[in-house]
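Protein chains in written order, with the numbering used here: chain G, 223 to 452; chain A, 39 to 276. We put the beta carbon where it would ideally sit given N, CA and C, even for glycine. Just so it is clear, the structure is predicted and the values come from calculations on it, not from any experiment. Presented below is the structure to which this report refers.
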Amino acid sequence: MDGAFVGTTFWRLMAALPLTLEVWFLSVVLGGLIAAGVVWMRVGGSKPLEILARAYVALFRGTPLLIQLFIVYYGLASLPAVRHSLFWPILREPFNCGVLALGLCTAGYQAEIFRGALLAVPHGAVEAARACGMSRLLLFRRIVFPIALRAGLPAYSTEMISMVKATALVSLITLWDVMSVALKIRNDTLVTYLPLILAGAIYFTVNYILGAAFLSLERRLSPHLRPRPS
Amino acid sequence: MDIFGIFGFGEGGWGLALLAGALMTLLVSACGLLIGAVIGSLVAWARLSGHRLAGAAGEAYAALFRGLPELLVVYFVYFGSSTLLTTVAGLVGYDGFVGVPSFVAGALAVGVISGSYQAEVFRAAFLAIAKGELEAAVSVGMDRWLLFRRIIAPQVLRFALPGLGNLWQVALKDSSLISVTGLTELMRVSQVGAASTHQPFAFYLGGLVLYLAMTLVTTRLFDLAEARATRGMRRIAG
């Protein structure tokens, strides 16, 4: 095994990183939007909507992402109703299916994180804001959102890292992400360890940077928790 | 064939195969959780020992396997262990490929991942034991082993139970990735059924329902175990 092989393998894997990151970013954003809706249903006060939201969370958190992904990619495509529908041009593309499945799944987790963060907002703070005459929007913007953001951030950063790891599954629906390029190199060259180790190093580095970024954001947002300067 | 025929237990029905797959999923996940418990308690021990090198190694292990995609770990353990065994077999004079059974590789992969998370659960559980109890046990003259058996182990298990319940769910879901190694667990059976009947939607949905049933039922079991383990404790939150 020579240095040139290590180099070419590394750069071939790096060339696939943009797709991995793209799937990650789009599915996280999509998941966040869905999660906002689910949380709104969950805490909105309507019983049927609450049950629906609970069922959504139980379904997507209680089953493996892999089978959800296969239902979206292989399952939906086999239904004539879907093939002849308006959505077929979207669902035909494996990229869109990957983003959709990952987004639906992370929405279940993100919804619980958002809900937990909302529960961390002290009732007294909301009451005080109401007593001052804040409108609902102002109350959300000035009181609820900043407190909930701080409370939810640690769990949210864990979920973001899980999602980077979850993107590896799109290699099983014919997308050329870092994982599938590593497997392709392994199959072509019959070198077992190196492609997988290099791919692992890339994923690990991405997660490390992401974790550090979230940690520094947490520190920035919680100046009141910093140790007193001596 | 209609839907009852496909999922039925009669001739050409896939009911039995799916149930057998679900059983395999439970089995491989349980083995993975046990392997993870062994790894996790060793890593937790290393981190609590106060030994700097051991602590750093434990921390590095946990950080590494939490930062890698689960699918990559499954592939690495599966391909890697077979390559390793083949190399070792070559050294002792056996030529040819030696494969590790996919069940063993799969349980090992799930265990290695689960262990990195269980380490943290066990560490937190140990730290939750009241310090005075450990001091009291030492002062009445318990040796290390007795202290572990009577004071530490029962309480660590009690405090770790909620965390272990979550990690059991994670192991159950991660076990679906073992399907890429060809082990006929639930995910793999769903794939084979989908391919041979050309009904992917029905099969993946059937698999999904079985997974959901397994997580819901086993979560309930963990809740019951938790209620039993903490029956003598005052609690501040339900």
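Selected residue, minimal CA-CA separation from residue i, among the options
{"i": "A238/G", "options": "F292/G, A350/G and A421/G", "result": "A421/G"}
{"i": "L224/A", "options": "N204/A, L246/A and R258/A", "result": "L246/A"}
{"i": "A373/G", "options": "L341/G, L271/G, R408/G and F232/G", "result": "L341/G"}
{"i": "E108/A", "options": "T389/G, Y331/G, R408/G and F436/G", "result": "T389/G"}
{"i": "L375/G", "options": "G229/G, A339/G and F292/G", "result": "A339/G"}
{"i": "S300/G", "options": "R266/A, M252/A and T235/A", "result": "T235/A"}
{"i": "V261/G", "options": "S393/G, A347/G and Y278/G", "result": "Y278/G"}
{"i": "Y295/G", "options": "F426/G, I312/G, A280/G and H306/G", "result": "I312/G"}
{"i": "W206/A", "options": "I151/A, A232/A and I216/A", "result": "I151/A"}
{"i": "T268/A", "options": "T253/A, V230/A, V112/A and L195/A", "result": "L195/A"}
{"i": "G78/A", "options": "G170/A, Y155/A and L123/A", "result": "Y155/A"}
{"i": "L199/A", "options": "G137/A, A263/A and V130/A", "result": "A263/A"}
{"i": "I383/G", "options": "T231/G, D224/G, K406/G and F247/G", "result": "F247/G"}
{"i": "F282/G", "options": "L298/G, G325/G, L271/G and W310/G", "result": "G325/G"}
{"i": "V66/A", "options": "S213/A, R187/A, S119/A and G93/A", "result": "S213/A"}
{"i": "V148/A", "options": "A240/A, T253/A, Y132/A and L64/A", "result": "L64/A"}
{"i": "L254/A", "options": "F232/G, L252/G and G284/G", "result": "G284/G"}
{"i": "T427/G", "options": "A275/G, A333/G and V386/G", "result": "V386/G"}
Supposed contact pair residue j and residue i - C-beta distance, whole angstroms, cut 8 Å
{"i": "E381/G", "j": "I335/G", "result": "6 Å"}
{"i": "D410/G", "j": "L241/G", "result": "Actually they do not touch by this definition, with Cβ atoms about 19 Å apart."}
{"i": "L248/A", "j": "A84/A", "result": "Not quite, the Cβ-Cβ distance comes to about 38 Å (not below 8 Å), so this is no contact."}
{"i": "T219/A", "j": "A127/A", "result": "Wrong, their Cβ atoms sit about 20 Å apart, outside the cutoff."}
{"i": "R234/G", "j": "V366/G", "result": "Contact doesn't hold; Cβ gap of about 47 Å is too wide."}
{"i": "L291/G", "j": "I369/G", "result": "Actually they are not in contact, since the Cβ atoms of L291/G and I369/G sit about 35 Å apart, beyond 8 Å."}
{"i": "A163/A", "j": "F197/A", "result": "4 Å"}
{"i": "E173/A", "j": "I189/A", "result": "Not quite, the Cβ-Cβ distance comes to about 10 Å (not below 8 Å), so this is no contact."}
{"i": "Y113/A", "j": "L418/G", "result": "6 Å"}
C-beta neighbour in chain A for residue i, strict 9 Å
{"i": "T176/G", "result": "This structure gives no information on residue 176/G, because the portion of chain G shown stretches from 223 to 452."}
{"i": "Q469/G", "result": "As displayed, chain G neither begins before 223 nor continues past 452, which places residue 469/G out of reach and without an answer."}
{"i": "K269/G", "result": "no"}
{"i": "L341/G", "result": "no"}
{"i": "A299/G", "result": "yes"}
{"i": "T396/G", "result": "no"}
{"i": "L443/G", "result": "no"}
{"i": "I289/G", "result": "yes"}
{"i": "S393/G", "result": "yes"}
{"i": "A434/G", "result": "no"}
{"i": "M236/G", "result": "no"}
{"i": "G323/G", "result": "Note on residue identity: the sequence assigns Ala, not Gly, to residue 323/G. Closer than 9 Å: no."}
{"i": "F292/G", "result": "yes"}
{"i": "T328/G", "result": "no"}
DSSP-derived helix/strand/coil call for residue i
{"i": "S87/A", "result": "coil"}
{"i": "T242/G", "result": "helix"}
{"i": "W262/G", "result": "helix"}
{"i": "V251/G", "result": "helix"}
{"i": "W52/A", "result": "coil"}
{"i": "F309/G", "result": "coil"}
{"i": "S154/A", "result": "helix"}
{"i": "T414/G", "result": "coil"}
{"i": "S167/A", "result": "Looking at the sequence itself, residue 167/A is Ile, so the reference to Ser does not match. It is coil, neither helix nor strand."}
{"i": "L106/A", "result": "coil"}
{"i": "F135/A", "result": "coil"}
{"i": "M180/A", "result": "coil"}
{"i": "F47/A", "result": "coil"}
{"i": "M271/A", "result": "coil"}
{"i": "V208/A", "result": "helix"}
Min CB distance residue i to chain G below 9 Å
{"i": "A232/A", "result": "yes"}
{"i": "F135/A", "result": "no"}
{"i": "L106/A", "result": "yes"}
{"i": "Y113/A", "result": "yes"}
{"i": "Q207/A", "result": "yes"}
{"i": "F117/A", "result": "yes"}
{"i": "F239/A", "result": "yes"}
{"i": "G276/A", "result": "Unreliable placement is indicated for G276/A, whose pLDDT of 49 sits below 50; no coordinate value is reported for it."}
{"i": "Q9/A", "result": "In the structure as shown, chain A starts at 39 and stops at 276, and residue 9/A therefore has no counterpart that could be examined."}
{"i": "Y99/A", "result": "no"}
{"i": "L243/A", "result": "yes"}
{"i": "L102/A", "result": "yes"}
{"i": "L57/A", "result": "no"}
Cβ-heavy atom distance, residue i to the ligand SAM, below 8 Å
{"i": "L326/G", "result": "The ligand SAM is not among the ligands present in this structure, which contains no ligands whatsoever."}
Legend entry - Positions along the stretch 405-429 of chain G whose CB lies within less than 9 Å of some CB in chain A: Of all residues in the stretch 405-429 of chain G, L405, R408, T414, Y415, L418, I419, A421, G422, Y425, F426, T427, V428 and N429 have a Cβ within less than 9 Å of some Cβ in chain A.
Legend entry - Positions along the stretch 211-227 of chain A whose CB lies within less than 9 Å of some CB in chain G: If you check each beta-carbon in the stretch 211-227 of chain A against every beta-carbon of chain G, the ones closer than 9 Å belong to K211, D212, S213, S214, L215, S217, V218, L224 and M225.
Inset, instruction - Please list the residues of the stretch 370-384 of chain G that have a C-beta atom closer than 8 Å to any C-beta atom in chain A, keeping them in chain order. - result: Within the stretch 370-384 of chain G, the residues whose Cβ lies closer than 8 Å to some Cβ of chain A are I383, listed in chain order.
Legend entry - the stretch 120-150 of chain A: positions lying closer than 7 Å to chain G by Cβ: Taking 7 Å as the Cβ-Cβ cut-off against chain G, the residues of the stretch 120-150 of chain A that qualify are T121.
Inset, instruction - Pull out every residue of the stretch 271-287 of chain G whose Cβ sits closer than 9 Å to any Cβ of chain A, in chain order. - result: Per Cβ criterion, the list reads A280, L281, R283, G284, T285, P286 and L287.
Inset, instruction - Taking only beta carbons into account, state which residues of the stretch 246-260 of chain A come closer than 7 Å to chain G, listed in chain order. - result: The stretch 246-260 of chain A vs chain G, Cβ under 7 Å: L246, Y249, L250, T253 and L254.
Legend entry - Residues of the stretch 242-261 of chain G whose Cβ lies closer than 7 Å to any Cβ of chain A, in chain order: Taking 7 Å as the Cβ-Cβ cut-off against chain A, none of the residues of the stretch 242-261 of chain G qualify.
Inset, instruction - With 7 Å as the C-beta to C-beta threshold (strictly closer), list the residues of the stretch 164-193 of chain A near chain C in chain order. - result: Absence of chain C from the displayed structure is noted, the protein chains being G and A.
Legend entry - Contact list for the stretch 64-82 of chain A against chain G, Cβ threshold 9 Å: The residues in question: there are none.
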